[in-house]
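Report on the structure given below.
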Ligand code: NAD
Ligand code: DAU
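In my numbering, the protein residues as written are 14 to 362.
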């Protein structure tokens, strides 16, 4: 199969590329990525030399570029490319609407014209908004996004749905919970805790820290996407959760324990505006139709993730430091200390 992956230089997209190349040796992948602050070729260093992977730098909003990519006998698309961080969308939502809504519309249009046989849109559980205590969202739950990021993803999600209903364009939509694992940009909570704890920096916990997220190891998300790409039903939505709900402050405590760092690093800061209290999904549909269940226990996934960041200080330096530091300064108005020495010493400082 000849596959286009958009956003393949980012966190989940790059892990998906690794997964596909390992699992499906005859497949080839065209990776279309703009290389924004969160995408980086260092994230693809291990697949760079694989002849089955071709990197194309380009914007999904650039119709001509997208046409060029889709004119090469592509059969299927897995669309990850997005502005993905809620806090950034609160500071400025323009890029979110542009990439997430208009970029998706451009891809859908060109893919339809090119006769693409399958288009998997990687949406998010955030489109449902906050889950009331004791309830889990099903694929039929109404969409009620609360952040500009979530609203822009809901826009893309609904456009994809409309392309199926209007044109019978073979779209499948996935809505996954919070991913964690290797290669995640350290603005996101888990790698942020790891990298800041290594530096002995305070760890900002929003509000009371009792917001709940359902954490899924990134490879479990990738296996679900693989199953959906091959066996999902056109026009359908699939929720993908891990049933692994933890309050934020508990996640932070566990990571500090794994790193042997003190809890005194936890610093409760002003809450995120519009902060969703809880995310929780019912994923029985994916389990029943596709036989998919996540297989990585949280303790194991978290340990693997922490170990990965400890042994990949070079990646962190190259990929994350500059963008992350200036972002953090904007967010908190403070100067950042260095990551370099601590990570170079394998986190032992
Ligand atoms: P990420 O920020 O790590 O990666 C996004 C990638 O998209 C980057 O490589 C970036 O360069 C690229 N990109 C951004 N704008 C682009 C554009 N205009 N044209 C081409 N490429 C562009 O994000 P991620 O965490 O890997 O998320 C990937 C997808 O999964 C997103 O659609 C996100 O909404 C969705 N998702 C993420 C999670 C999560 O927990 N991280 C959970 C559910 C769904
Ligand atoms: O649920 C899926 C979504 O998960 C994806 O669609 C998004 O792309 C992804 O970024 C993620 O969104 P969240 O907002 O849940 O993730 P984030 O890592 O930003 O925050 C996780 C929780 O931790 C959230 O309740 C906010 C809190 N938090 C986050 C940061 C960055 C803090 O308390 N302190 C922080 O510094």
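Think of the CB as a built atom: it goes at the ideal place given N, C-alpha and C, for glycine as much as any other residue.
Within the DSSP secondary-structure output, residue 227 pairs in a beta bridge with 258.
The closest heavy atom of the ligand DAU lies 8 Å or more from the beta carbon of residue 212.
In the assembly as shown, residue 131 is a buried residue. Its beta-carbon has 16 or more other beta-carbons within 10 Å. Residue burial is scored here from C-beta neighbours: residue 243 has fewer than 16 other C-beta atoms within 10 angstroms and is therefore classed as exposed. With fewer than 16 other Cβ atoms inside 10 Å of its own Cβ, residue 324 counts as exposed. Looking at 148, 157, 147 and 133, the one whose alpha-carbon comes closest to that of residue 173 is 133. In terms of Cα proximity to residue 158, the closest of 148, 28, 305 and 138 is 138. Taking a C-beta distance under 9 Å as the contact criterion, residue 136 and residue 292 do not qualify as a contact pair. In chain order, 218 and 222 place their CB closer than 6 Å to the CB of residue 262, counting only its own chain and leaving out the 5 sequence neighbours on each side. Between residue 318 and residue 311, the alpha-carbon positions lie close to 10 Å from each other.
Not a single heavy atom of the ligand NAD lies less than 8 Å from the C-beta of residue 132. According to the DSSP assignment, residue 320 belongs to the alpha helix (DSSP H) that extends over 311-324. Note on residue 64: under 16 other CB atoms within 10 angstroms of its CB, so exposed under the neighbour-count rule.
Beta-carbon to beta-carbon, residue 44 and residue 18 are separated by about 5 Å, close enough to satisfy the 8 Å threshold. Counting only the Cα atoms, residue 197 lies some 27 Å from residue 245. Along the region 243-301, the beta strand (DSSP E) occurs as fully enclosed runs of 3 or more residues at 250-253, 258-260 and 279-282, listed in sequence order.
Of the residues assessed, residue 281 falls on the exposed side of the cut-off, its CB having fewer than 16 other CB atoms within 10 angstroms.
The continuous alpha helix (DSSP H) containing residue 27 extends over residues 24-36.
By the Cβ criterion, the region 281-290 is in contact with the region 98-118, since at least three pairs of Cβ atoms, one from each stretch, lie closer than 8 Å. Here the region 225-244 makes contact with the region 254-272; the two share three or more CB pairs at distances below 8 Å.
Excluding sequence positions up to five before and after residue 276, its CB lies within less than 8 Å of the CB of 266 and 269, all in the same chain and listed in chain order. Only buried fits residue 296, as 16 or more other CB atoms lie within 10 angstroms of its CB.
A contact between stretches requires three or more CB pairs, one per stretch, nearer than 8 Å, and the region 196-212 fails this requirement with the region 156-171. Runs of the beta strand (DSSP E) lying entirely within the region 152-239 and spanning at least 3 residues, in chain order: 184-189, 191-193, 216-219 and 225-230. Rounded to the nearest whole angstrom, the CA to CA distance from residue 32 to residue 107 is 32 Å.
Shortest Cα-Cα distance from residue 186 to any of 234, 248 and 16 involves 248.
Beta-bridge pairing by DSSP links residue 131 to 89. Per DSSP, residue 78 lies in no beta strand (DSSP E); the unbroken alpha helix (DSSP H) holding it starts and ends at 76-83. Checking the DSSP bridge columns, you'll see residue 68 partnered with 44. By the C-beta density criterion, residue 77 is exposed, having fewer than 16 other C-beta atoms within 10 angstroms.
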